[in-house]
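Reading through the structure tokens given below for one structure.
Numbering (our numbering), first residue to last: 1 to 500.
Encoded structure:
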């Protein structure tokens with residue numbers, strides 16, 4: 001389904017002709033039209049909707065050198081979401097969660113899943129009606145206008161940079177177990193430069209290459225985790241002597257809230273993969289499927305890992321490397337090394353996924369005039385947002401070298417809560433603004449959106465003063481950005497009026 005923007009056959013849209021007839025009448029002029037999926041740019045497009053999908057027209061559009069290429073299919077999107085969620089945290093968080101919830105920690109992931117599921121459900125409907133890059137920034141722009149969109153864009157960018165920097169630091173920490181010298185400042189900076197530079201180069205040269213790298217790491221990390229889980233469950237079944245009974249740890253409401261925040265961090269990233277919607281093949285059908293499939297699969301992995309950790313380690317809450325310590329209970333030394341190497345694979349896969357989709361935030365903002373225009377440039381040969389990729393890589397490298405895991409992780413968790421809330425709020429607004437948009441329709445959508453807002457609101461109350469300061473500074477920068485964008489838009493409007 002398409003919208004037309006200033007095309008030669010726009011005058012026929014109000015007639016009784018079908019979309020197919022209109023397109024047939026103008027086969028040579030389709031390239032003169034700026035075609036896009038319904039709902040993608042409706043906030044600045046007043047044209048009526050064409051009710052017919054026309055594959056040839058889409059092919060013509062996506063071949064233009066100023067546009068991105070739609071190469072991410074349904075299962076690649078599933079892999080991208082899983083890769084973005086499962087970073088290195090799964091190898092460390094089980095101990096922190098066990099320390100707070102003890103034997104109830106596997107069930108804790110079911111509670112976290114319930115909260116994340118209502119957010120993802122809202123995301124599925126909202127995201128399914130957009131066919132351009134931008135993710136939550138784009139949804140906020142359509143629903144609430146440029147001011148809140150720019151705020152959302154900055155918070156999304158902040159959450160991704162902080163999260164990826166945290167995992168980059170963990171990568172160096174785990175790599176130091178094999179090569180201790182990499183923990184030295186100069187060696188650490190050199191390794192980070194090589195790791196991030198390689199991913200930037202791959203994605204600079206094309207989304208297909210970045211997509212293949214992300215898929216490879218997703219398959220590898222899921223395979224390694226499945227090996228750990230299956231071997232552990234078999235060991236518990238065949239050798240019951242290694243089973244440990246978790247102590248009855250008293251838990252308070254504060255323990256549950258802190259554990260839920262940690263688990264939200266472990267789930268975080270599913271929304272980020274949707275930033276690359278401009279390169280997905282069929283957003284309306286693929287996004288809901290990919291979201292629910294990826295989150296359900298990740299939940300099963302998290303529960304299984306948590307179960308093994310608390311039932312194989314005598315004092316799981318005190319472990320600094322719970323998955324590796326658990327593996328030592330039932331695997332050979334070689335098997336333990338394989339699991340330890342899985343941490344590096346998982347962490348680097350996470351970096352690869354974010355290098356693929358996060359630069360699309362600033363690309364989308366630059367494309368719409370909310371950021372300097374050079375952020376929205378597309379490479380004429382590789383068809384990638386090359387400027388946004390290189391700038392993201394540079395800032396990521398700086399945060400990775402200058403920061404540490406704990407600070408970056410907490411900052412990312414808090415920032416994404418605001419983003420989740422904005423998506424939930426956008427659902428009802430977009431239903432009113434775009435009632436006929438081609439999208440996935442969420443049953444009981446308004447009720448689920450309210451539940452999502454309540455969940456994110458309660459979680460935000462757990463924010464510490466330090467995170468509040470950083471979020472406030474980010475909001476201030478976004479406000480200055482909005483003033484600049486508004487002044488630029490007013491100057492452009494005045495110039496156009498003068499020309500007329």
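Glycine included, C-beta positions come from ideal geometry on N, C-alpha and C.
The structure displayed is predicted, hence computed values, not measured ones.
Rounded to whole angstroms, what's the CA-CA distance from residue 158 to residue 250? Just pull it up for me. Distance between the alpha carbons of residue 158 and residue 250 is about 36 Å.
To the nearest angstrom, how far is it from the Cα of residue 299 to the Cα of residue 343? Cα to Cα, the separation comes out at about 18 Å.
In chain order, what residues of the same chain have a beta carbon less than 6 Å from the beta carbon of residue 246, not counting five sequence neighbours either side? Closer than 6 Å at Cβ, skipping near neighbours: 102, 103, 310.
Can you tell me which of 142, 126, 166, 150 puts its alpha carbon nearest to the alpha carbon of residue 476? Sorting 142, 126, 166, 150 by C-alpha distance to the C-alpha of residue 476 places 150 at the top.
Only counting the same chain, and skipping five residues up and downstream in sequence, which positions put a Cβ closer than 6 Å to that of residue 376? Closer than 6 Å at the Cβ level, and outside the excluded window around residue 376, lie 363, 366, 367.
Specify, as a first and last residue, the run of the alpha helix (DSSP H) that residue 239 falls within. Counting along the chain, residue 239 sits inside no alpha helix (DSSP H), nor does DSSP assign it H or E at all.
Going by DSSP in three states, residue 72 sits in which element: helix, strand or coil? Secondary structure of residue 72 (DSSP, three-state): strand.
Between 412, 397, 462, 430, which lies nearest to residue 188 when the distance is taken from Cα to Cα? With distances taken between Cα atoms, residue 188 lies closest to 397.
Pull up the distance between the alpha-carbon of residue 226 and that of residue 373, whole angstroms please. Near 45 Å, if we compare the C-alpha coordinates of residue 373 and residue 226.
Return yes when the Cβ of residue 152 is within less than 8 Å of the Cβ of residue 174, no when it is not. Contact: no.
What number of angstroms, rounded off, separates the C-alpha of residue 257 from the C-alpha of residue 382? Answer to the nearest angstrom: the Cα atoms are 46 Å apart.
Burial state of residue 306 (16 or more Cβ within 10 Å): That one is buried.
I think residue 126 touches residue 331, with their Cβ atoms under 8 Å apart; what is that distance to the nearest whole Å? So it is not a contact: roughly 43 Å between Cβ atoms.
On the three-state DSSP scale, how would you describe residue 218? Residue 218: helix per DSSP, three-state reduction.
Can you check which of these residues, 199, 214, 116, is closest to residue 413 by C-alpha distance? Relative to residue 413, the option among 199, 214, 116 whose CA is nearest is 116.
Residue 355 to residue 240, Cα distance in whole Å? Taking the straight line joining both Cα atoms gives about 44 Å.
Secondary structure of residue 450, DSSP reduced to three states: Residue 450 carries a helical assignment under DSSP once its states are collapsed to helix, strand and coil.
Check the C-beta distance from residue 213 over to residue 352 and give it rounded, since I have them as a contact under 8 Å. With a Cβ gap of about 5 Å, residue 213 and residue 352 count as contacting.
Tell whether a beta-carbon distance below 8 Å holds between residue 81 and residue 290. Between residue 81 and residue 290, the C-beta gap is smaller than 8 Å, which places the two residues in contact.
Any chance the region 90-109 sits against the region 313-322, with 3 or more Cβ pairs inside 8 Å? When Cβ pairs closer than 8 Å are counted between the two stretches, the region 90-109 is seen to touch the region 313-322, the count reaching three or more.
Figure out for me which residue from 224, 347, 244 has the closest Cα to the Cα of residue 301. For residue 301, the nearest C-alpha among the options comes from 224.
Determine, using beta carbons only, whether residue 195 and residue 348 come nearer to each other than 8 Å. Taking 8 Å as the Cβ cut-off, residue 195 and residue 348 qualify as a contacting pair.
Own chain partners of residue 73 with C-beta closer than 6 Å, once the 5 adjacent residues on each side are dropped: Only 281 meet the Cβ criterion.
Which ranges would you report for the beta strand (DSSP E) in the region 73-119 if only whole runs of at least 3 residues count? List check, beta strand (DSSP E) in window: nothing returned.
In the structure shown, what three-state DSSP assignment does residue 182 receive? In the structure shown, residue 182 sits in a helix (DSSP, three-state: H, G or I).
What does the alpha-carbon distance come out to for the pair residue 420 and residue 446? Taking C-alpha positions only, residue 420 is separated from residue 446 by approximately 15 Å.
Cβ shell of residue 87 (< 7 Å), same chain only, five flanking positions each side left out: If we look at residue 87 and ignore the five residues flanking it on each side, its Cβ neighbours are 167, 346, 347, 350.
Residue 129 classed as buried or exposed, judged by whether at least 16 other C-beta atoms fall within 10 angstroms: Classification of residue 129: buried, given that the 10 Å Cβ count is 16 or more.
Buried or exposed (CB count within 10 angstroms, at least 16 for buried), residue 269: It counts as buried.
Proximity to residue 244 [Cα-Cα], best of 303, 308, 197, 200: That would be 308, whose Cα lies nearest to the Cα of residue 244.
Between the Cα of residue 220 and those of 388, 83, 423, 233, spot the shortest distance and give me the residue it belongs to. Of the listed residues, the one whose Cα sits closest to residue 220 is 83.
Residue 386 versus 488, 313, 359, residue with shortest Cα-Cα distance: With distances taken between CA atoms, residue 386 lies nearest to 359 out of 488, 313, 359.
Among 201, 236, 265, the one whose alpha carbon lies nearest that of residue 456: Of the candidates 201, 236, 265, 265 places its Cα closest to the Cα of residue 456.
Candidates 123, 110, 231: closest to residue 453 by CA position: For the residues 123, 110, 231, the minimum Cα distance to residue 453 belongs to 123.
At the level of alpha carbons, what is the spacing between residue 164 and residue 499? Separation of residue 164 and residue 499 (C-alpha to C-alpha, rounded to the nearest whole angstrom) is 46 Å.
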